[in-house]
Each structure stands twice: as structure tokens, then as C-alpha cells.
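Heads up: the structure comes next, in C-alpha cells.
Residue numbers (my numbering): 360 to 726.
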């Protein structure tokens, strides 16, 4: 059985950032990811990040991903791609299907789970027809494989994913026939929403999709107005010609491995659902198991990277690679960056929710 000081599950922005911090401190690290390419969501993100320079403002996600991969290579971090982590035991044995065919088990002193999230869906008449897909799937087709998912696209959901992917669809040559939002207000950052609106895309607030129309594939979509109880208003239907319906209706943390490992959970609707309870060091209720990124609550790629660094520093500290004073300085700096990211119109709600998770960890520790 191979032994590693740290096993990181997931080679996305959080996982790579965590692995880099551990390896930089001197730890022997393995990163395992079920995909054939590392980098996760970053290689879909052709738009420029914004915020501050220390959060990579003005840099496109694809280039941030390249920087992380270069650091990973320079630090000689072992990366297993096409390798699915299917179980974590209480003694920190990690079960992996390597190269999609060989089952093996590795032993870890510390584990960092950065498994990300999965796209949500909604059911409506015709939702199983070809042409209905998640916005993330459409983004993968365009930005990773250079395939246009459709020529006339209706986007369901006006959050950041919905408006960013809508703009990228326009850039790729598709027509976005509308963005449908069930709430009375739009959900994405104004900088993204404004670009789409200036391009002439109509927004339908207080609407939802009622059905997809077509025999063998999507040919049109019917949307309907909602009342204050979220029920359809008869007679308010509109039919929009479209060959693709994209769903940008939120994400759910991929928490299965944390459940298997015996971590305790709490529920936060603002953070995407059930979340492993963790402390300020990103350590769960199972000693030596850390989390980072969307598995700890749905946020942005910038936040995922900072949480990854925080988890990596904390794991390295627990292995003796930092003394207490060094670790506290580094950890406080990461929290300063995280709090900057979580301030503002949308981030403040996530900061409150994160504070609730930290308080929950303290309660469980004192039980």
C-alpha cells in the first residue's frame, strides 16, 4: 500500500491550490481526479476575474489554471487523472479506481476533500428531450471542445453562471433568446448582467419554464409568469423559438466522500445544501480530514482557491511543517483574503452563512 502525507481529492482550483501549499511546505502529496484533464472549472472560464490584484483580477480563468498546473509540475506533485476516489475509511485509507480500471488503496496521514459540486436541474414537460442541458455542460462544449451547443438558446437562471454562460454563448455565435428568472430580481453580479443586457438579450423576471416543445428534440420553449406563491398564472404563457434550453439553477456540493468518512453535517440553503461542519482551518469533525472549495459551500473560483490554500497550510502545519507562529500568520492572511471576497452585495450573505458553520463546529466540539 502506497503512503502519502497528504491525499487531495479533486484537481480543480481548490484541490490544486491545497496541494501546492502542502508540497511547498515539504509534504509528499498525491492528487486524484476522475477527469482526464486537471484544472476543473478554470478551463471553462474564459472571462476575466475581477476584484483585487491578489485575487487575480483581470486574469482569465484559463490562464489561472495554467499557472496552477505549472506550480504543480514545478513542485513534482503526483497527480492521478482518470482516477475516481470511491471511498475513505476512518483510518484514512483512500480507495481509488486508478485509470478507470485498476482498484487500489493508498494510506494518507491527512486528506483534503476538494470534490466540487454538481449542477442542479428542474423537471418540466419535455425536460428529457435532446437540447436540454446544464449551463455548465454548455460551457464545457464551447470552451473545452469548441462545439456550439445550439443556435438559439434560452437560459433558465440569472445568477452568475447563467449570465456568464449566456455572454459566452453570444461570443461563440449563438443567439440567446432570453434569460428566465423565477425571482422578481436578477441574481448575478451587475458587471456580468450588464454585458448581456447591452447585447440586447431580454430578461424575464418572475417567470419559469413551463415546457419544452418538440417531437425528437427541442424546437421551442413555453415560459409562464409566477404569482407570489410561485404558482403559474394562467394566460401569461409565452412561446420562444429555441433549439436549446440551458439550466443555470444552482449547484449542490458533492459531499458523498465526507459522509463516508464519518464527517458531521449541517444544512445551509445559502451555501447549497448539506455542508460538512468545519473549523477556521477547514478541518472537519473527523481529525485530519479537511475540505475546500464548493464541497464546503457554493461560492466562486477565487474563494475556492483561497480555501484550498487555507486547507493546505493547515494540513502542513498539523504535520509539523510550520511552527505555530508561522502557521497563524499564514492562516490569518488567508482569512483576510477570504473576508475581502465575501464582502459586498452578494458575498455578505455567504460570510454570514460561513460564520454559522464555524460556530456549529464549536458547538459540536463542546458536546
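Beta carbons are placed, not taken as given, at the ideal position from N, Cα and C, and that holds for glycine.
- Every unbroken stretch of the alpha helix (DSSP H) spanning 4 or more residues and falling wholly within the segment 542–610 is given here in chain order: 549–557.
- Taking the Cα positions, residue 588 is about 15 Å away from residue 595.
- In the DSSP assignment, residue 476 falls within the beta strand (DSSP E) that extends over 476–478.
- Under the three-state reduction of DSSP output, residue 711 falls in the helix class.
- Counting every other CB atom within 10 Å of its CB across the protein chains shown gives residue 592 a total below 16, marking it as exposed.
- In this structure, residue 565 sits away from residue 547, with a CB-CB distance that is not shorter than 8 Å.
- Where residue 467 is concerned, the enclosing beta strand (DSSP E) starts and stops at 461–472.
- In terms of CA proximity to residue 526, 555 leads the group 502, 555 and 449.
- The residue among 605, 401 and 663 with its C-alpha nearest the C-alpha of residue 479 is 605.
- Burial is judged here by how many other beta carbons sit within 10 angstroms of a residue's own beta carbon; residue 626 has fewer than 16 and is exposed.
- Exclusion of the five residues before and after residue 573 leaves 488 as the residues of its chain whose Cβ lies within less than 6 Å of its Cβ.
- Linking residue 370 to residue 586 through their CA atoms gives a straight-line distance of about 43 Å.
- According to DSSP, residue pairing for residue 649 in a beta bridge involves 471 and 642.
- Shortest Cα-Cα distance from residue 714 to any of 689, 661, 655 and 434 involves 655.
- Judged by DSSP secondary structure, residue 657 falls outside any alpha helix (DSSP H); it is assigned neither H nor E.
- Between residue 628 and residue 658, the alpha-carbon positions lie close to 13 Å from each other.
- Rounded to the nearest angstrom, the gap between the Cα atoms of residue 452 and residue 389 is 13 Å.
- Taking C-alpha positions only, residue 613 is separated from residue 652 by approximately 10 Å.
- Taking the C-beta atoms as reference points, residue 672 is found no nearer than 8 Å to residue 700.
- For residue 528, the uninterrupted alpha helix (DSSP H) segment begins and ends at 519–531.
- If you draw a 10 Å sphere on the C-beta of residue 504, you find fewer than 16 other C-beta atoms in it, and that means exposed.
- Membership of residue 372 in the alpha helix (DSSP H) is indicated by the continuous run 372–384.
- By the neighbour-count criterion, in which a residue is buried when 16 or more other Cβ atoms sit within 10 angstroms of its Cβ, residue 550 is exposed.
- For residue 422, the three-state secondary structure derived from DSSP is helix.
- Proximity to residue 494 across 557, 521 and 600 peaks at 521, based on C-alpha coordinates.
- If you draw a 10 Å sphere on the C-beta of residue 380, you find 16 or more other C-beta atoms in it, and that means buried.
- For residue 434, there is no enclosing beta strand (DSSP E), as DSSP marks it with neither H nor E.
- Straight across, the Cα-Cα distance linking residue 634 with residue 624 is about 5 Å.
- Burial of residue 545 is indicated by the presence of at least 16 other C-beta atoms within 10 angstroms of its C-beta.
- The C-alpha of residue 600 is placed about 43 Å away from the C-alpha of residue 391.
- In summary, residue 666 is buried, with 16 or more beta-carbon neighbours lying within 10 Å of its beta-carbon over all protein chains present.
- Shown here, residue 486 sits in coil according to DSSP, grouped into three states, outside any helix or strand.
- For residue 541, the CB contacts under 8 Å within the same chain, skipping 5 residues up- and downstream, are 565, 566, 567, 585 and 589 in chain order.
- In the DSSP assignment, residue 688 falls within the alpha helix (DSSP H) that extends over 683–700.
- For residue 457, the secondary structure class from DSSP, reduced to helix, strand or coil, is strand.
- For the pair residue 675 and residue 447, the CB atoms are not nearer than the 8 Å cut-off.
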